[in-house]
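Notes to accompany the following structure.
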């Protein structure tokens with residue numbers, strides 16, 4: 208996928224924000240509503256039939272998690288190969304749509320100044336609380 212592509216007829220990719228173990232994250236525009244969202248495109252090797260079903264199941268479970276330290280899932284789906292402008296991809300693309308969260312990354316914050324122990328403990332408590340909420344729904348986070 209590349210800048211300007213429209214995913215599933217609904218999300219225009221604006222800029223690639225980063226890459227993780229599962230795929231790429233893009234700033235995108237939800238075309239119908241004119242709002243910016245984050246779209247995570249899942250790597251092709253995860254598109255085997257059992258992985259696709261697991262992705263669907265986990266997206267549905269994750270969408271039910273309501274916790275201040277867990278990002279909401281707004282939408283998810285699969286775009287079949289050949290249904291996008293990206294002719295080089297040649298494989299199905301699974302995606303998650305989430306609110307676009309602005310701000311500094313944890314990596315940048317840790318390198319800007321050394322945080323106080325109290326701040327680190329607050330951050331870790333929030334992280335662990337969010338992980339507990341998703342684990343309560345039977346989800347294992349594979350991309351920390």
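Residue numbers (the numbering used here): 208 to 351.
For each residue, glycine too, the CB sits at the ideal point set by N, CA and C.
By a C-beta neighbour count over all protein chains shown, 10 Å radius and 16 as the cutoff for buried, is residue i buried or exposed?
i           : result
residue 317 : exposed
residue 307 : buried
residue 271 : exposed
residue 208 : buried
residue 230 : buried
residue 220 : buried
residue 238 : exposed
residue 329 : exposed
residue 210 : exposed
residue 303 : buried
residue 327 : exposed
residue 227 : exposed
residue 165 : Beyond the ends of the chain as shown, which are 208 and 351, falls residue 165; an answer cannot be given.
residue 240 : exposed
Thinking C-alpha only, which one of the options is nearest residue i?
i           : options            : result
residue 347 : 249, 256, 250, 265 : 265
residue 336 : 243, 278, 285, 211 : 278
residue 287 : 210, 215, 209, 314 : 215
residue 338 : 225, 310, 274, 250 : 274
residue 225 : 217, 281, 312, 242 : 312
residue 299 : 246, 256, 227, 345 : 256
residue 217 : 314, 261, 245      : 245
residue 301 : 321, 344, 260      : 260
Return the first residue and the last residue of the beta strand (DSSP E) that residue i is part of.
i           : result
residue 232 : 230-237
| request: Ignoring anything shorter than 4 residues or poking outside the region 246-327, list the alpha helix (DSSP H) runs there in chain order. | output: 256-270, 313-319
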